[in-house]
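Peer 1: Below is one structure. I have some questions about it.
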Amino acid sequence: MTESPSGSALVLFSGGQDSTVCLGWALDRYTRVETVGFDYGQRHGIELECRRRVRDEIARRFPAWGARLGPDHVIDVSSFGAIGETALTSGAEIEMLSTGLPSTFVPGRNLMFFVYAAALGYRRGLVTLVAGMCETDFSGYPDCRDATLQALERAIRLGTEIPFTIETPLMWLTKAETWALGDRLGGDVFVDLIVEETHTCYRGAREERHPWGYGCGTCPACQLRAKGFAEWQASRAGLQAASR
Ligand code: ZN
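Our numbering applies: residue -12 is where the sequence shown begins, and numbers increase by one.
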């Protein structure tokens, strides 16, 4: 899509749909891209397994992207899980709490991710940090907000004296538009890779394969993913009908 890629970036990469689209986006526009993942004691290690497979499949199916894809870094932040007992890290039920936030919210998690990423980027000479936070299908996570990340970018710049940039290509996209972006970046091959290899389900279920990918189908993450996929398919069918 991008005419002439240049520069370098570090992608916060979980192996989920959103960060995989972000990785494709980065590989399309930067000549050197590295990935970072965080092992914070997730209750399912599936996410970390998916990361490796997605990276391998990207390199295999998109040789031009593969040539730009640099090392992967996994940072152990399991001590963070010890602070916040939440549904994602402790096996508690996923529900809405009286704070108005889902029990999957890990306070400060995204803030911590960026601080680690900036420290790594500093060492690796990667001053563009790319991540899949999104305000549109807002799950109520205050650390996914654009305003939060703009303030964080400023804090990181001040705190490092390096002109770090935080790029969030999905910030204003619906889930349907995220599927469409994946399609624009890498066509059916990339969409198929996202369906087959990425993981989004909060429960870590991979037994059942839906048209939109693997997951329990009932947790909030699966519901968002399924709804976005259906909307994208419907809009694509509408466009094809209109062009006939
Ligand atoms: Zn699920």
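C-beta: ideal position from N, C-alpha, C; glycine also.
(1) If you scan the stretch 32 to 67 from start to end, which runs of the beta strand (DSSP E) of 3 or more residues do you find wholly inside it?
(2) Taking the C-alpha atoms as reference points, what is the distance between residue 218 and residue 45?
(3) With DSSP as the reference, label residue 23 as helix, strand or coil.
(4) Determine the burial state of residue 5: buried for a count of at least 16 other Cβ atoms within 10 Å of its Cβ, exposed for fewer.
(5) Mapping the DSSP letters down to three states, classify residue 6 as helix, strand or coil.
(6) Considering only the alpha carbon of each residue, which of 13, 162, 202, 23 lies closest to residue 172?
(7) Which residue comes first and which comes last in the alpha helix (DSSP H) that contains residue 140?
(8) Going by the CB atoms, is the gap between residue 168 and residue 180 shorter than 9 Å?
(9) With a cut-off of 9 Å, does the C-beta of residue 61 fall near any C-beta of chain C?
(10) Inspect the beta-carbon positions of residue 49 and residue 177 and report whether they are closer than 9 Å.
(11) In chain order, what residues of the same chain have a beta carbon less than 6 Å from the beta carbon of residue 209, not counting five sequence neighbours either side?
(12) Could you compute how far the alpha carbon of residue 128 sits from the alpha carbon of residue 207?
(13) Among the residues of its own chain, which have a CB less than 7 Å from the CB of residue 215, if the five just before and after it don't count?
(14) Near the ligand ZN, which residues have their beta-carbon closer than 7 Å to a heavy atom?
(15) According to DSSP, simplified to helix, strand and coil, what is residue 117?
(16) Residues in its own chain within less than 7 Å of residue 132 by CB, not counting five upstream and five downstream?
(17) Give every residue of the same chain whose Cβ lies closer than 8 Å to the Cβ of residue 55, excluding the five residues on either side of it in the sequence, and list them in chain order.
(18) Distance, Cα to Cα, residue 109 vs residue 148?
(19) List in chain order: all unbroken beta strand (DSSP E) runs of 3+ residues lying wholly within the stretch 165 to 216.
Peer 2: Checking against the coordinates, here is how it stands:
(1) 56 to 63
(2) On the sequence shown, residue 218 is found 231 positions in, with the first residue counted as 1. On the sequence shown, residue 45 is found 58 positions in, with the first residue counted as 1. Each residue's Cα considered, the two are about 25 Å apart.
(3) For the purposes of this step, residue 23 is identified with residue 36 of the sequence shown, where counting begins at 1. If DSSP states are grouped into helix, strand and coil, residue 23 belongs with the strands.
(4) Within the sequence shown, the letter at position 18 stands for residue 5. When all chains shown are included, residue 5 counts as buried.
(5) Here residue 6 refers to the residue found at position 19 when the sequence shown is read from its first residue. It is helical.
(6) For the purposes of this step, residue 172 is taken as the residue at position 185 of the sequence shown. Comparing Cα positions, the closest option is 13.
(7) Mapped onto the sequence shown, residue 140 falls at position 153. From DSSP, the alpha helix (DSSP H) with residue 140 extends over 133 to 147.
(8) The residue given as residue 180 occupies position 193 in the sequence shown. The residue given as residue 168 occupies position 181 in the sequence shown. Not a contact, by the Cβ cut-off of 9 Å.
(9) Given the protein chain composition of this structure (a single chain), no chain C is represented.
(10) Taking the sequence shown and counting its residues from 1, one reaches residue 49 at position 62. Taking the sequence shown and counting its residues from 1, one reaches residue 177 at position 190. Their beta carbons are under 9 Å apart, which means residue 49 touches residue 177 by this criterion.
(11) Taking the sequence shown and counting its residues from 1, one reaches residue 209 at position 222. 188, 202, 203.
(12) Within the sequence shown, the letter at position 141 stands for residue 128. Within the sequence shown, the letter at position 220 stands for residue 207. In a straight line, the C-alpha of residue 128 is about 13 Å away from that of residue 207.
(13) Stepping through the sequence shown from its first residue, residue 215 is reached at position 228. Result list for residue 215: 161, 162, 163, 165, 166, in chain order.
(14) 188, 189, 190, 192, 202, 203, 204, 205, 206, 208, 209
(15) Mapped onto the sequence shown, residue 117 falls at position 130. DSSP places residue 117 in strand when its eight states are reduced to three.
(16) Residue 132 sits at position 145 when you count from the first residue of the sequence shown. Counting only Cβ-Cβ distances below 7 Å, and skipping sequence neighbours, we find 122.
(17) Translated into positions along the sequence shown, residue 55 becomes position 68. Cβ within range, chain order: -8, 14, 17, 18, 19, 20.
(18) Position 122 of the sequence shown holds residue 109. Position 161 of the sequence shown holds residue 148. One C-alpha to the other measures close to 10 Å.
(19) none
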